[in-house]
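Visitor: To convert, take the position in the sequence shown, counting from 1, and add 338; that gives our numbering.
Note that the Cβ used here is the ideal one computed from N, Cα and C, for glycine as well.
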Amino acid sequence: MQSAKQALIIPNGTCKQKAFVIFGGDTSERQVSLMSGTNVWLNLQGFDDLDVTPCLLAPSNGYSSHNEDFSESSRDVWTLPYSLVLRHTTEEVHAACFEAIEPERVEITSRLRNQVMKELERALSKQDWFAGFDITDEQPIKYSLQQWIDYVKEAKAVVFIAVHGGIGEDGTIQSLLESAGVPYTGPGPIASRTCMDKVATSLAVDHLASYGIHTIPKDVRAREELLKSSLVDIWNDLKAKLQTETVCVKPARDGCSTGVARLRCPEDLEVYANALRGTLPRLPANCLSKAHGVIEMPVPPPESLIFEPFIETDEIIISNKSWNDSTRHLVWKGENEWLEVTVGVVGKRGEMHSLNPSITVKESGDILSLEEKFQGGTGINLTPPPATIMSEDALQKCKSCIEMTANTLGLEGFSRIDAFVNVHSGEVPLSISLIYLCSYKAKKRLV
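1. By Cβ distance, which residues of its chain are closer than 7 Å to Asp407, with the 5 residues on each side in sequence left out?
2. Who does Ser753 pair with in a DSSP beta bridge?
3. Terminal residues of the continuous beta strand (DSSP E) containing Asp571?
4. At the level of alpha carbons, what is the spacing between Ser702 and Gly631?
5. Which whole-angstrom value describes the C-beta separation of Thr417 and Thr391, a residue pair presumed to lie in contact below a C-beta threshold of 8 Å?
6. Quick one: what's got a C-beta closer than 6 Å to Cys353's C-beta in the same chain, skipping five residues either side?
7. Work out the CA separation of Phe385 and Leu576 for me, nearest whole Å.
8. Based on DSSP bridge pairs, tell me the residues matched to Val496.
9. Label Phe436 either buried or exposed according to how many other C-beta atoms from any shown protein chain fall within 10 Å of its C-beta, with 16 as the threshold for buried.
10. Look at the alpha carbon of Leu747 and the alpha carbon of His552, and state the distance between them as a whole number of angstroms.
11. Strictly by DSSP, which residues pair up with His432?
12. Taking the beta strand (DSSP E) that Val454 belongs to, which residues open and close that run?
13. Can you tell which of Val520, Gly550, Gly509 has the C-alpha that lies nearest to the C-alpha of Thr532?
14. Pick helix, strand or coil for Asn674, following the three-state DSSP scheme.
15. Give me, in chain order, the residues of the same chain whose beta-carbon lies closer than 6 Å to that of Met486; leave out the 5 immediate sequence neighbours on both sides.
16. Might you give, ordered along the chain, the residues of its own chain that have their beta carbon closer than 6 Å to the beta carbon of Ile644, omitting 5 neighbours on each side?
17. Determine, using beta carbons only, whether Asp652 and Ser627 come nearer to each other than 9 Å.
18. Any idea which residues DSSP pairs Gly764 with across the strands?
19. Do Ile572 and Leu395 have their CB atoms nearer than 9 Å?
20. When DSSP builds the beta bridges, which residues end up paired with Leu668?
21. Classify Ser642 as helix, strand or coil using the three-state DSSP reduction.
22. Please report the Cβ distance between Val766 and Ile740, rounded to the nearest whole angstrom; I am assuming they are in contact, meaning their Cβ atoms lie under 8 Å.
23. Looking at the unbroken beta strand (DSSP E) that takes in Cys719, where does it start and where does it end?
24. Distance check for Leu668 and Met728, CA to CA, integer angstroms please.
25. Measuring CB to CB, does Asn695 end up less than 9 Å from Val681?
26. For Ser788, count the other beta carbons within 10 Å of its own beta carbon; 16 or more makes it buried, fewer makes it exposed. Which is it?
27. So, for Leu483: in the same chain, excluding its five sequence neighbours on each side, which residues have a beta-carbon less than 6 Å away from its beta-carbon?
28. Where do the ends of the alpha helix (DSSP H) carrying Ala542 lie?
29. Throw me the rounded Cβ distance for the Ile656 and Val699 pair, which I believe falls under 8 Å.
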């Protein structure tokens with residue numbers, strides 16, 4: 339993987355390094371992936387020594403890796419012209435690709451382009467400085483994933499992986515690229531595969547407790563058990579095993595806030611189980627016993643789910659002191675000793691460096707939404723946590739724990755670790771919903 343990092347360092351005076359940014363897919367995080375990839379692509383274009391191409395990983399048309407007739411390498415990837423990237427959703431980008439290659443559309447576009455060029459050339463030819471021009475009509479091009487990798491290899495390019503969840507994070511794309519000898523950003527296949535599996539991640543760092551790195555107690559249940567067994571019995575069993583009154587449920591293999599919910603009673607568990615049974619794409623706001631925002635659900639539903647004690651954190655609020663005071667103030671009760679943090683890590687494998695932890699101010703509910711985590715303008719990030727909340731000693735201890743975690747998991751390049759941190763000791767009980775994913779805001783800073 340060192341070749342991937344070295345390929346991004348281009349000496350002055352040499353030809354441009356080609357880079358392909360891939361995003362999209364069909365997971366519940368595909369829209370966030372579109373924003374991530376678009377932002378990375380736009381920022382990388384600011385480097386004169388890079389030639390950057392945006393690429394869409396198309397939806398798998400209902401197939402999944404569980405289908406015997408489906409091969410991930412046959413997934414479609416589109417290289418995109420500038421105009422097609424700037425859409426609101428991956429579905430809109432995908433539809434625009436097909437529309438752009440329709441013969442009638444191509445004919446009309448070509449005719450209008452030639453007309454505009456002739457009119458401009460006629461008007462500008464009278465100017466001494468005019469030396470001619472050409473308006474290119476770039477078209478999206480469709481490849482299978484394997485064909486796209488072959489094309490990238492022939493171009494001697496680097497791949498920037500901005501696909502969130504699914505094959506972008508479970509080691510699949512990483513394995514295909516590595517087999518072809520194509521350099522790419524982020525951790526390798528083994529680390530990606532481990533970090534995509536929350537149970538495997540916990541087992542990998544379980545021996546680090548003496549260093550202040552702890553894993554939260556877990557109870558793993560099959561989806562079928564929730565759909566067929568008594569939910570009241572399951573609820574009582576969870577409370578007894580986890581020694582908790584409220585439970586956090588999450589898919590065993592998925593990323594970020596997808597499918598993560600706080601359950602307070604058997605009725606909440608029933609609502610969640612019904613969502614799995616009905617393959618709902620999301621839980622509507624306020625459908626559980628306490629007010630909450632929309633909860634995106636994984637589609638298809640996960641085979642296994644993890645139940646953990648819910649860790650209470652005090653709300654951090656940015657507010658005005660009074661109605662006529664424009665100064666913003668930080669309000670934190672400090673009754674609880676835990677903070678939920680997101681930490682970026684960068685570096686070589688075994689030598690990862692922790693950036694300052696960042697806390698995101700929740701706007702509603704108990705679980706940070708995908709929007710609050712990743713979309714600019716929808717959440718307030720405090721980096722590092724203010725000294726009034728977390729001491730410098732605790733901050734440094736937290737960063738040390740994060741670095742040890744990253745090195746133990748074999749991370750490299752850049753990644754993101756989610757965890758809880760004790761504001762007094764800096765010890766880190768990991769509740770890692772996802773390691774490999776890096777938000778588009780973090781990517782903007784790092785690139």
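Guide: According to the data block:
1. Confidence in Asp407 is poor, its pLDDT being 49 and thus under 50, which makes the residue's placement too unreliable to answer from.
2. Val683
3. No beta strand (DSSP E) contains Asp571, which is instead part of the alpha helix (DSSP H) from 569-580.
4. Caution applies to Ser702, whose pLDDT of 48 falls short of 50 and renders its modelled position unreliable; the value that the coordinates give is listed next. Going from the Cα of Ser702 to the Cα of Gly631 covers about 6 Å.
5. 6 Å
6. none
7. 53 Å
8. Ala357
9. exposed
10. 14 Å
11. Bridge partners of His432: none, in fact.
12. From DSSP, Val454 is part of no beta strand (DSSP E) but of the alpha helix (DSSP H) over 441-462.
13. Gly509
14. coil
15. The question names Met, but residue 486 is Trp in the sequence shown. Only Val415 meet the Cβ criterion.
16. Lys536, Lys556, Val558, Lys588, Ala590
17. no
18. BP columns for Gly764 are empty, so no partner.
19. no
20. Ile656
21. strand
22. 7 Å
23. The sequence shown places Asn at residue 719, rather than the Cys named in the question. Asn719 -> beta strand (DSSP E) spans 718-720.
24. 13 Å
25. Here residue 695 is Pro; the residue named in the question, Asn, does not match the sequence. In contact: Pro695 and Val681 (Cβ atoms closer than 9 Å).
26. The question about residue 788 has no answer, for the chain in this structure spans 339 to 785.
27. Ser411, Arg413, Val415
28. 536-543
29. 6 Å
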